[in-house]
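All residue numbers for the sequence shown refer to the numbering used here, where the first residue is 9 and numbers rise by one.
Ideal Cβ placement from N, Cα and C applies to all residues, glycine included.
Everything below concerns the one structure shown next.
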Amino acid sequence: MKRCVILALDNCPLSSVSGPMEILLLACRLAGVEDWRIEIVAERQLQVAGNGGVSLKAHQTIADVKQADLVIVGAIGDPRMRTEEIAPKTLQWIQALQQQGSQLVSICTGAYVLACAGVLAHKRVTSHWAVIDWLAQQFPECDWQPGAMLTQDGQVCCSGGASAYQDMSLLLVRQYFGDAIARQVARSVLIDLDRHSQLQYASFMPQRQHQDHLIHLVQDWLEQHACEPCTQQELAELINLSERQFKRRFKQALQQTPLSYIQALRIEAAKKELETNLKHIDVIARDCGYEDVRFFRELFKRNTGLAPSEYRTKFSS
């Protein structure tokens, strides 16, 4: 008998809990197996309040679960907004199951829970693209993979943002039931089998929580002029610093270089152009500050995982 438990914490997006359960149950049915026990578990009480005011009833609490082959931790919303720490007994429960050899899986921001439990240290892991930089600051001992839709390192698997639970569920189906059943499941629930990156869905969100008012002034200027020709020396002159001082303060405030910051702003501008109009890609490249169109195409693909033409096909309105 295989036992899978899916941990649902308060404020969880319900799809990150019910979605994997439904896909695994479908795989069991298609494979004709009856030796799987798949349950939702909660921390303290069976009723779990999901986000949006919808709740679900778990089968058991973690106190009732002493053994499991597969442990899936659902998403928890934005971990930066949490006002309570993950309960110590929940973290101890995860640690105990890991020591028994359970496979541990996180869906989206469920990676935060596993990281708090200390089971992601020195492993390749991922999470939702919007919080992964913050997670990397909180848990530098983990090898965060910002673009990865899925990671698997030993007995630990992590999925990227939101609907990546589908990709993770298919990975588990392939692992436990084989490729043929995974293909049947994918066709049944209309899931692509070949999604490998979440970079194409990510948006650059400039970091504004720092306290350096001079760097804020540069950011304000770049919001309006990033696609115009400018040098780092010119940016430094805006705030009466030497180029060396400017680079140091910029990196200290934003954890990235001025050049990479400008490139990120320009790629965001290019994405909006590709989504909303039919300009030739060479024209968009120049409008966004790149005379070298070949370099623009390479940079765009490195940042999004897609060529500009592929991005337009996928996201144009």
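Taken in chain order, the unbroken stretches of alpha helix (DSSP H) that lie wholly in the region 215-259 and span 4 residues or more are 221-233, 240-246. Taking one beta carbon from each stretch, the region 108-121 and the region 76-92 have 3 or more pairs nearer than 8 Å; the two touch. Membership of T159 in the beta strand (DSSP E) is indicated by the continuous run 158-161. Taking Q208 as the centre and dropping the five residues before and after it, the same chain places the C-beta of T312, G313, L314 closer than 6 Å to its C-beta, in chain order. I115 is positioned such that its CB atom lies no closer than 9 Å to that of A156. Note on geometry: alpha-carbon atoms of Q106 and H221 lie some 46 Å from one another. Closest option to L282, judged by alpha-carbon separation, among K259, E306, E318: E318. Between C150 and A190, the C-beta spacing is not below 9 Å. By the Cβ neighbour-count rule, P214 is exposed, with fewer than 16 other Cβ atoms within 10 Å of its own. Counting other Cβ atoms within 10 Å of its Cβ, F308 reaches 16 or more and is therefore classed as buried. For I102, the enclosing alpha helix (DSSP H) has its first and last residue at 96-107. Check the Cα spacing between L178 and each of N59, A194, Y269, R45: the tightest is with A194. Secondary structure of W44 (DSSP, three-state): strand. In the DSSP assignment, the residues bridged to V79 are V13, L112. Burial of Q271 is indicated by the presence of at least 16 other C-beta atoms within 10 angstroms of its C-beta.
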